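Peer 1:
As structure tokens, this is what we get:
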């Protein structure tokens, strides 16, 4: 059920264990668990504040499935995937569910009424009621059915889901999702053969999810909860903030702290009172048994106010500021002058956290008064005693408020055993937790019990109720004061309606089963069921503590470990900043102790560590390789000869080192609470970025790859972890070829000179000779050479502010301002009095650039590397329209000499009627601009503008819908790439650089982007690229064009076809025009050439020479059609070409490619089938490769196509003649195209002509 703010608390208490990781740093996991309700809520009502948001049930289901699929592909569990949906909750949890659902219904109604009062129009479709995400509703039943079908399909058809046990514990299985996960893990630990080193990953919105399944020694963590002290800290922070200092200021408007020297009061009676009152003069802050009934010094119950103060109370900061001010007359009444002096010297943070200092006798007595009021006003007890409080805690707790923890601190011997009852049925829970506003979630017979005023339980469903913030700040934290459910009355009312239910409704009201999906063999049943309590264990069956054979001294990459570095811990206030603001709570500070192994001469250390594998980022270790040392005024590096030498740091480098030492120490302490006091050496470490494989003796052996020296990270020497035993997992172990490339796995052949490069292939088998036999599907590719050649003339025209302003007749400085943010202030009278005025501020700027945030709007503004801005013809056109529409506004702005970008509307239009009309027109025009609401991008990003996108989309449409054929070949496994072997951490070719208009292919399976899709790079970020794929797909979106085929993907998920074919192994060419170096956040980014020269990661996939592509002799056939055993295949052969027929390959390719058309495609026919159906004739049955006739737009096949199609008897000279003919034909065709291409100058021009051309191209 979650603990409020637990994630923030634990992250700030142990900041070194809280880390945000990228998608390339995900460690290997065995089991993945999903607490599904958070996913369901996010996909069905992502923004409750938007009352106009509408979504269909079909879209909700699709989003949920996509969400699950994305999480699965990120984590890639090896053994178990467990999906837990909340079922019927325990009785205590229902009280919280009831409060949340009543508040949800009331908030939705208030939002609706607020919009109606404004006169805003709302959609006609009904708004989604999030309360239907409760066990037993029709929505949850239909979701369960669809989810189970989807899981069955994934397990059966998606190879990534094979070999994994997939469990679904649905809404019809009682218990909360996190408790189901806890039961499963505890049950698994008792099974024979369970791996005690299993790695678990849990996903959910409740931070306490991580602590539920595991067992802890409560005595080891009791200090973290500090129950008694928490009361006092809560009192100091939240008791209206005047309570603890009222006696120090002499002001007491509520009379809460009046001090009358009268007789002592004792709310307890008889012997209990005498036992509690010990007559001490002062209450110690360590007195954990302090209770509300204890005696107070100099206090009287007659002066206690009738109710707690509320509203209008000063904050702690305000009260403290008064203490720090000059002498106040009230200070003469202070009885603790020394303490008051200490408090004056405290700032807010010290004041709120130093309980020991602030907990004076006066504050202690005030706290006791507050608690008496709390029990009287909140819980309706005049004089509550411990025995009464204990009695309430032992059974059903009938209060909305909890007792103070200091009042139950000695309840450890209380009997906490309960009788195990039966869970509610789903419909019984719905009646117990839903408000009448959500009555439609129930079957019609039960709605009458909610909505009929004559219902026997009508009082359970109030439509108007109170809430109490109870010292909190947020509405969601308020106590909802609604009646508790009387279980007996509820069940009695339910029984009266049961005979009216339909069979389907009765089925929804029953307890279901746990579903297990497991792929074993093709065609076998993948779905089985388990009893609902299959994972339940009695307490005596649970195995507590660590299991045998746990690898405590082994480092699992991505998981924290407190070993390897000597350290000591202390809870201290260091104001760590894990989130956006500094913490006000103490943190566990880890001080790194001295390490004897580092007490050597720095040159000896450099010789020992440079070039050695180490670990960094303790305690969540990451692998790296030491590159160099900076210490004692020198930098130590290893030369090519292997010798480590020292070179003196120059003056600038010494300043950099001094600054680096300070910033590293400060960062480690302020972010991670790691104190590295004695650190005078900086070690530069190259991070581990992935692996490549070398094939040796039929086995793939991993080769670690490290980031280049130019991106080495600085590490303080005491934090360098050495001699670590690393559990490498799948990515760092030797893999047999047959295991790395199993049958039907999807791969790519990294042979740029081969025509099949960049096309997906399906593994048929690994032959006895160790070669991998493939079936490759090849189709015509998009030809972008005309766009590359004429990039400048086809793209948008850009100009500076002066030239842009001159085109529309405005000053360049005004143009620069109006394209950003300019405010117009509208004042209106709301009454006859002069003070009855309201102000409205609107942005009349176009918001096309934000200089401080370094953001721009694509195709309208762009930032250069020198910090200046440029504006496109589209921007000029928009500004011209703006000026023509509101000439009076532009005249005013040009004549204004204000330095502030804020103006009064009354200064622009003095006539009120005209002003109101012009402001209304202005609002309407701004809301209808094409850039209104457009997402901004980082300034300086390289991207292809909309005119280039239009050219790319036109080129895609011109590709002929014919396949060249299917190739069957045998290749050396060293040239194969399979993305699953790299876990998304390494590019297929680490040397590849990405430029605009590069052709790429998507290599990842199981994502929303179809595997094997080819596309074009149209935007470049740091680690990702924007790709416009050739085929539309469901999750694709428009990128400044018309096709729903855009996506932003990691570079590690792509093979750069253009780089492999045109730039690999050649002298680096200049980037395409328009993709020049740009400014990123005021700093010059590293150019592509620098990145390439600095990169040291080398791919094992080098461009294969033609000699490797030896034709395989045709086998002799026996009478029965089987190969003759006397003829053996040649060992030197690398590729064996054959052709499969269309009928044989259609089903296999559909499954292999998984291509689907987008919603805007003309037909819903599967794209593969569509292309296959366009073949004019069946594929030949001979060994010759099918050759499609060359069309006008189709590039000729490569020479290798002809080489593969020939027989051993053909003459090599004949092949060369064929190649020459093909090349000549291609050259003539290209020349003809250039002659037909229109003059570029006719498409470009200045002023209005250029603007019209741009507009025409945009429409096109």
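Residue numbers (UniProt numbering): 1 to 1260.
By construction, the Cβ of each residue, glycine as well, lies at the ideal position given by its N, Cα and C atoms.
In this text, all values refer to a predicted model and were calculated from it rather than measured experimentally.
Can you tell me which of the three DSSP states residue 1012 falls into?
Peer 2: The residue labelled residue 1012 in the question sits at position 1012 within the chain shown. DSSP places residue 1012 in coil when its eight states are reduced to three.
Peer 1: Going by C-alpha to C-alpha distance, which of 137, 507, 166, 461 sits closest to residue 150?
Peer 2: On the chain shown, position 150 is the one that residue 150 refers to. Out of 137, 507, 166, 461, 166 has the C-alpha closest to the C-alpha of residue 150.
Peer 1: Can you pull the DSSP bridge partners for residue 970?
Peer 2: In the chain shown, the residue the question calls residue 970 occupies position 970. BP columns for residue 970 point to 773.
Peer 1: Considering only DSSP beta bridges, list what residue 693 is partnered with.
Peer 2: For the purposes of this step, residue 693 is identified with residue 693 of the chain shown, where counting begins at 1. For residue 693, which the question treats as bridged, DSSP gives the partners 702.
Peer 1: Measuring alpha carbon to alpha carbon, tell me which of 889, 685, 52 ends up nearest residue 120.
Peer 2: Along the chain shown, read from residue 1 onward, the residue named residue 120 stands at position 120. Nearest option by C-alpha distance: 52.
Peer 1: Quick check on the DSSP output: what are the complete alpha helix (DSSP H) runs of length 4 or more inside the region 639-699, in order along the chain?
Peer 2: Here the runs fully enclosed are 651-672.
Peer 1: Pull up the DSSP beta-bridge partners for residue 1019, would you.
Peer 2: Here residue 1019 corresponds to residue number 1019 of the chain shown, with the count starting at 1. Its beta-bridge partners are 943, 1026.
Peer 1: I'd like the span of the alpha helix (DSSP H) that includes residue 917, first residue to last.
Peer 2: Residue 917 sits at position 917 when you count from the first residue of the chain shown. Note, residue 917: alpha helix (DSSP H), 912-927.
Peer 1: Check for me: the beta strand (DSSP E) holding residue 625 runs from which residue to which?
Peer 2: In the chain shown, the residue the question calls residue 625 occupies position 625. Run containing residue 625: 622-631, per the beta strand (DSSP E) assignment.
Peer 1: Which of the three DSSP states, helix, strand or coil, is assigned to residue 987?
Peer 2: Locating residue 987 in the chain shown gives position 987, where the first residue counts as 1. Here residue 987 sits in coil by DSSP.
Peer 1: On the CB-based measure, 16 or more other CB atoms within 10 Å of its CB, does residue 403 come out buried or exposed?
Peer 2: To locate residue 403, count along the chain shown from 1; it is residue 403. Result: buried.
Peer 1: In the structure shown, what three-state DSSP assignment does residue 806 receive?
Peer 2: Taking the first residue of the chain shown as position 1, residue 806 is located at position 806. Reduced to three states, the DSSP call for residue 806 is helix.
Peer 1: Name the residue from 200, 1017, 782, 1003 whose alpha carbon lies nearest to the alpha carbon of residue 962.
Peer 2: As a first step, residue 962 must be located in the chain shown, where it is residue number 962. The shortest C-alpha separation from residue 962 is found at 782.
Peer 1: Between the beta-carbon of residue 725 and the beta-carbon of residue 554, is there less than 7 Å?
Peer 2: Taking the chain shown and counting its residues from 1, one reaches residue 725 at position 725. Taking the chain shown and counting its residues from 1, one reaches residue 554 at position 554. Contact flag set, yes.
Peer 1: Indicate the three-state DSSP secondary structure (helix, strand or coil) for residue 978 in the structure shown.
Peer 2: Along the chain shown, one-based indexing puts residue 978 at 978. The answer is coil: DSSP assigns residue 978 none of H, G, I, E or B.
Peer 1: CB-CB under 6 Å to residue 734, same chain, minus the five flanking residues each way: which ones, in chain order?
Peer 2: Locating residue 734 in the chain shown gives position 734, where the first residue counts as 1. 699, 701, listed in sequence order.
Peer 1: Count the other C-beta atoms from every protein chain shown that fall within 10 angstroms of the C-beta of residue 802, then say buried if there are 16 or more, exposed otherwise.
Peer 2: For the purposes of this step, residue 802 is taken as residue 802 along the chain shown, with counting starting at 1. Counting Cβ neighbours within 10 Å, residue 802 comes out exposed, since fewer than 16 surround it.
Peer 1: According to the neighbour-count rule (16 or more other Cβ atoms, all chains shown, within 10 Å of its Cβ), is residue 398 buried or exposed?
Peer 2: Here residue 398 is taken as the residue at index 398 of the chain shown, counted from 1. Residue 398 should be labelled exposed.
Peer 1: In terms of residue numbering, what span does the alpha helix (DSSP H) encompassing residue 891 cover?
Peer 2: Counted from its first residue, the chain shown places residue 891 at position 891. Where residue 891 is concerned, the enclosing alpha helix (DSSP H) stretches over 887-895.
Peer 1: Would you say residue 1018 and residue 1030 are within 7 Å of each other, going by their C-beta atoms?
Peer 2: In the chain shown, residue 1018 corresponds to position 1018, counting from 1. In the chain shown, residue 1030 corresponds to position 1030, counting from 1. Contact: no.
Peer 1: Can you tell me whether residue 672 is buried or exposed, with buried defined as 16 or more other CB within 10 angstroms of its CB?
Peer 2: Start at 1 with the first residue of the chain shown, and residue 672 comes out as number 672. The residue is buried, with at least 16 neighbouring Cβ atoms inside 10 Å.
Peer 1: Excluding five sequence neighbours on each side, which residues of the same chain lie with their C-beta closer than 8 Å to the C-beta of residue 30?
Peer 2: As a working note, residue 30 is residue 30 in the chain shown. Hits under 8 Å: 77, 78, 79, 80, 195, 198, 199, 200.
Peer 1: What is the DSSP secondary structure of residue 876, counted as helix, strand or coil?
Peer 2: Your numbering for residue 876 matches position 876 in the chain shown. Looking at residue 876 - three-state DSSP - the assignment turns out to be helix.
Peer 1: Below 7 Å CB to CB, which residues in the same chain sit around residue 767 once its five sequence neighbours on both sides are set aside?
Peer 2: On the chain shown, position 767 is the one that residue 767 refers to. Cβ neighbours of residue 767 beyond the five flanking positions: 773, 970.
Peer 1: One question on the structure: do residue 716 and residue 676 come within less than 7 Å of each other, judged by their Cβ atoms?
Peer 2: The residue given as residue 716 occupies position 716 in the chain shown. The residue given as residue 676 occupies position 676 in the chain shown. A contact, by the Cβ cut-off of 7 Å.
Peer 1: Alpha carbon to alpha carbon, how far is residue 959 from residue 426?
Peer 2: Translated into the one-based positions of the chain shown, residue 959 becomes position 959. Translated into the one-based positions of the chain shown, residue 426 becomes position 426. Roughly 57 Å separates the two Cα atoms.
Peer 1: How long is the line joining the alpha carbons of residue 795 and residue 666, rounded to whole angstroms?
Peer 2: The residue labelled residue 795 in the question sits at position 795 within the chain shown. The residue labelled residue 666 in the question sits at position 666 within the chain shown. Going from the Cα of residue 795 to the Cα of residue 666 covers about 48 Å.
Peer 1: Taking the alpha carbon of residue 987 as the point to measure from, which residue in 118, 663, 1059, 8 has its own alpha carbon closest?
Peer 2: As a position in the chain shown, residue 987 is number 987, starting the count at 1. Of the candidates 118, 663, 1059, 8, the one whose C-alpha sits nearest the C-alpha of residue 987 is 1059.
Peer 1: What does DSSP give as the partner residue(s) for residue 840 in the beta ladder?
Peer 2: Taking the first residue of the chain shown as 1, we reach residue 840 at position 840. Answer is 826, bridged to residue 840.
Peer 1: Going by DSSP, what residue range makes up the beta strand (DSSP E) through residue 936?
Peer 2: Counting from 1 along the chain shown, the entry for residue 936 is found at position 936. Run containing residue 936: none; DSSP gives neither H nor E here.
Peer 1: May I ask you to report which of helix, strand or coil DSSP gives residue 503?
Peer 2: Position 503 of the chain shown, counted from the first residue, corresponds to residue 503. DSSP places residue 503 in helix when its eight states are reduced to three.
Peer 1: Near residue 105, what residues of its chain come up, given a Cβ to Cβ distance below 7 Å and the 5 sequence neighbours on each side ignored?
Peer 2: To locate residue 105, count along the chain shown from 1; it is residue 105. Only 131, 435, 437, 438 meet the Cβ criterion.
Peer 1: Would you report the Cα separation of residue 843 and residue 903, rounded to the nearest angstrom?
Peer 2: Here residue 843 refers to the residue found at position 843 of the chain shown. Here residue 903 refers to the residue found at position 903 of the chain shown. Approximately 10 Å, taken between the alpha carbons.
Peer 1: What do you get for residue 888, buried or exposed, if any count of 16 or more other CB atoms within 10 angstroms of its CB means buried?
Peer 2: If you number the chain shown from 1, residue 888 lands on position 888. Exposed.
Peer 1: Taking only three categories from DSSP, how would you classify residue 812?
Peer 2: For this step, residue 812 is matched to residue 812 along the chain shown. It is helical.
Peer 1: Quick one: give me the first and last residue of the alpha helix (DSSP H) that residue 489 is part of.
Peer 2: Sequence index remark: in the chain shown, residue 489 carries index 489 (1-based). Looking at the DSSP string, the run of the alpha helix (DSSP H) that includes residue 489 is 487-495.
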